[in-house]
Each structure stands twice: as structure tokens, then as C-alpha cells.
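> Numbering (this note's numbering), first residue to last: 710 to 986.
Just so it is clear, CB atoms sit at the ideal spot from N, CA and C, and this is done for glycine as well.
No experiment lies behind these values; they were computed from the predicted model shown.
Right, here's the structure in full:
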């Protein structure tokens, strides 16, 4: 009996390992004996482990967003003649939603966001009112590291006394936001969300109305233990239908001011250089 128990325990603990050769990424870091090669350094993130690997996954997912075209998909039987044309299908690209919290506009990430918008690399931008206010502030005078105060809401409050009559149609704003996702078809949609809060909610919720986004990259330091929307992982959004089951997703637990410039360097900016050369 004792021998049987020992044999049973042995078979449970010492299970034969699965051969992962060629199926999984082997963990290894960048070899500085090669010198400093920044593109290769960033590319090595995917095999480094921990959040570096998540950042590497995020870079791969964003590149998949940018590389996708309707030509990659099978032709639906009920599509019109235009959608059957190969040239047209190659021109239909993924609709990219970029969301960010207002505090990032006060940082140097504003210039990264400006680059993406200036060159039409993203299709929909979602931020809070503070993001607009802080962008205007930076246009009027230099911004330095230090304590900040104020909000656009306060300015609207005082403005309503001096010049009453301003009405902001929130219902129309929400309809326009949701329509960006609902009418994206036949394009796929991808979400790149820096931070959490309202931008994360509105982009994700809009994509729910098209049965979920096809790609999702979250970059924030929020946690999910308190049930916050900001801390929710991509799989939580899948449960709501905000992200599709088949979607490529990752959450990078990192300050966006660190991760986002590296991501843009290896995706949008790299593609732009390759296109112009």
C-alpha cells in the first residue's frame, strides 16, 4: 500500500515535461557585448520577462494593427463590388483608437501624441477635458516640472456667469463616439489606452457596440483588486464584449511616460521611416 501511494505521488509530482522547443520564447536579455543598438535593445524586451515582455507583446500587437488590411480577410459572399476590389481591400486599414488621461498632456508624452495626430497615424483620440486645458496651457507658455492646479470645469463655471448660454451636448458626444466604432466595418479596430478613467471607459464601451475591438493595448499602473475600471485587465473587457475573444491583447503595468515612447519608436515611427525610404 505504501509503495502504491509513493508511486502515485511520484507520478503526480514528476510529470513528464512538455517539449517547448520552438513553441515558446526563450528568456534572454540584450547582450551589451554587441554594443548599444537601440532598436535591437527594444526588440529584446519580448524575451526579457516580467513587464518588459508585456511591452514587447504590446509592440507586436500594435504592429499587427498597423500591418492589417482588409485584403488579409476572406471575401464575404454578401459584400459589394468595391469591397471585392484588391486595391480597395489593401487600402482599408485598422481603425486605431488612442486614449490617454489629461495628466499625460502636461508631460512630454504630449509631443508623442502630437506626432501621431500630426501624421494621421491614429483615427480617434479620446481624453478628458483636462487634456484640452493642459494642451492650451502648453501653447501659451513653457511648462516646467512642478505642482499644477486648475481644471477646465472651473473655467466653464465662471464663463457661464460672464457669458451665459454655452451648452455642451453630452448625448451627441456619446453618440458620435459610439458611431466611430459602430460604423468602422469593414475595418478592424484597435485600442491603445494610456492610463484609465473616462478615456478607457468610452473607447472600450464604444467598441462593445461592434461586438468588441480586434486589438487592445493597455498601459497603466492601476490594479483590479478594488474593482476599478482603470485597473481592469483586457480579459475583463472580453467578458463585457468590449474586446473580442479572438483579439490580440496585453496590459503593460508601467508608467506610460516610460513605455509609450518606446512603443511608438518601434511601431508608428519605424513604419513611417520604412515608408519614406
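Tell me whether the beta-carbon of residue 802 lies closer than 8 Å to the beta-carbon of residue 777.
Residue mapping note: residue 802 aligns to position 93 of the chain shown, counting from 1. Residue mapping note: residue 777 aligns to position 68 of the chain shown, counting from 1. Their beta carbons are under 8 Å apart, which means residue 802 touches residue 777 by this criterion.
> What residue range is occupied by the uninterrupted alpha helix (DSSP H) comprising residue 980?
Looking up residue 980 in the chain shown gives position 271. Taken as a continuous stretch (DSSP letters only), the alpha helix (DSSP H) holding residue 980 covers 977-985.
> Report the three-state DSSP secondary structure of residue 808 (helix, strand or coil).
Here residue 808 corresponds to residue number 99 of the chain shown, with the count starting at 1. If DSSP states are grouped into helix, strand and coil, residue 808 belongs with the strands.
> May I ask you to report which of helix, strand or coil DSSP gives residue 942?
Position 233 of the chain shown, counted from the first residue, corresponds to residue 942. Residue 942 falls in the coil class under three-state DSSP.
> Can you tell which of 772, 975 and 906 has the C-alpha that lies nearest to the C-alpha of residue 805?
Counting from 1 along the chain shown, the entry for residue 805 is found at position 96. Closest by alpha carbon: 772.
> May I ask you to report which of helix, strand or coil DSSP gives residue 856?
The count along the chain shown starts at 1 and reaches residue 856 at position 147. Residue placement at residue 856 is flagged as unreliable, the pLDDT there being 39, under the threshold of 50; a coordinate-derived value is accordingly withheld.
> Taking just the CA atoms, how far does residue 725 sit from residue 717?
By 1-based counting over the chain shown, the position of residue 717 is 8. By 1-based counting over the chain shown, the position of residue 725 is 16. Straight-line Cα distance between these residues: approximately 14 Å.
> My understanding is that residue 961 touches residue 760, with C-beta atoms under 8 Å, so please give their C-beta distance in whole angstroms.
Translated into the one-based positions of the chain shown, residue 961 becomes position 252. Translated into the one-based positions of the chain shown, residue 760 becomes position 51. With a Cβ gap of about 6 Å, residue 961 and residue 760 count as contacting.
> Taking the alpha helix (DSSP H) that residue 969 falls in, what are its first and last residues?
Within the chain shown, the letter at position 260 stands for residue 969. From DSSP, the alpha helix (DSSP H) with residue 969 extends over 965-974.
> Measuring CB to CB, does residue 837 end up less than 8 Å from residue 811?
Reading the chain shown from its first residue, position 128 is the one you call residue 837. Reading the chain shown from its first residue, position 102 is the one you call residue 811. Against a cut-off of 8 Å, the Cβ pair of residue 811 and residue 837 comes out as a contact.
> Which value, in whole angstroms, describes the spacing of the CA atoms of residue 918 and residue 721?
Your numbering for residue 918 matches position 209 in the chain shown. Your numbering for residue 721 matches position 12 in the chain shown. The straight-line gap from Cα to Cα measures roughly 46 Å.
> Output needed for residue 751: all residues of its chain with C-beta closer than 6 Å, excluding positions within five of it in sequence on either side, in chain order.
Position 42 of the chain shown, counted from the first residue, corresponds to residue 751. Closer than 6 Å at Cβ, skipping near neighbours: 971 and 975.
> For residue 779, which option in 791, 943, 770 and 864 has the closest C-alpha, if you only look at C-alpha atoms?
Here residue 779 refers to the residue found at position 70 when the chain shown is read from its first residue. The candidate whose alpha carbon is nearest that of residue 779 is 791.
> Who are the near neighbours of residue 950 in its chain, counting only those whose CB is closer than 7 Å to its CB and skipping five residues on each side?
Position 241 of the chain shown, counted from the first residue, corresponds to residue 950. 917, 920 and 921.
> Hey, could you find the ends of the alpha helix (DSSP H) residue 839 is sitting in?
Here residue 839 corresponds to residue number 130 of the chain shown, with the count starting at 1. Its alpha helix (DSSP H) spans residues 838-849.
> Which same chain residues end up closer than 8 Å to residue 930 when comparing Cβ atoms and leaving out the 5 residues on each side of it in sequence?
Indexing the chain shown from 1 puts residue 930 at position 221. Hits under 8 Å: 962, 963 and 964.
> What are the start and end residues of the alpha helix (DSSP H) that includes residue 920?
Counting from one through the chain shown, the residue named residue 920 turns up at place 211. That residue, residue 920, is in no alpha helix (DSSP H); it is neither H nor E in DSSP.
> Which of the three DSSP states is assigned to residue 835 in this structure?
Translated into positions along the chain shown, residue 835 becomes position 126. Residue state, collapsed to three classes: strand.
> What separation, rounded to the nearest whole angstrom, lies between the Cα atoms of residue 764 and residue 887?
For the purposes of this step, residue 764 is taken as the residue at position 55 of the chain shown. For the purposes of this step, residue 887 is taken as the residue at position 178 of the chain shown. Looking at the two C-alpha atoms, the distance is approximately 28 Å.
> How big is the Cα-Cα spacing for residue 928 and residue 729?
Indexing the chain shown from 1 puts residue 928 at position 219. Indexing the chain shown from 1 puts residue 729 at position 20. Taking the straight line joining both Cα atoms gives about 29 Å.
> Take residue 894 as the anchor and find which of 712, 853 and 923 has the nearest alpha-carbon.
The residue you call residue 894 lines up with position 185 of the chain shown. When each option's Cα is compared against that of residue 894, the closest is 923.
> Classify residue 719 as buried or exposed, calling it buried when 16 or more other Cβ atoms lie within 10 Å of its own Cβ.
Start at 1 with the first residue of the chain shown, and residue 719 comes out as number 10. Exposed, because fewer than 16 other Cβ atoms sit within 10 Å of the Cβ of residue 719.
> What is the DSSP secondary structure of residue 818, counted as helix, strand or coil?
The count along the chain shown starts at 1 and reaches residue 818 at position 109. Helix at residue 818.
> Look at the alpha carbon of residue 807 and the alpha carbon of residue 902, and state the distance between them as a whole number of angstroms.
Counting from one through the chain shown, the residue named residue 807 turns up at place 98. Counting from one through the chain shown, the residue named residue 902 turns up at place 193. Spanning the two alpha carbons is a distance of roughly 6 Å.
> List the DSSP bridge partners of residue 959.
Counted from its first residue, the chain shown places residue 959 at position 250. DSSP lists 926 as partners of residue 959.
> Given that a residue counts as buried once 16 or more other Cβ atoms are within 10 Å of its Cβ, and exposed if not, what is residue 943?
In the chain shown, the residue the question calls residue 943 occupies position 234. Answer is buried; the Cβ neighbour count reaches 16.
> From the DSSP secondary-structure annotation, give me the bridge partner or partners of residue 802.
Sequence index remark: in the chain shown, residue 802 carries index 93 (1-based). Answer is 778, bridged to residue 802.
> Please state if the CB of residue 904 and the CB of residue 825 are separated by a distance shorter than 8 Å.
Within the chain shown, residue 825 is the residue found at index 116, counting from 1. Within the chain shown, residue 904 is the residue found at index 195, counting from 1. It is not a contact, given that the beta carbons lie outside the stated cut-off.
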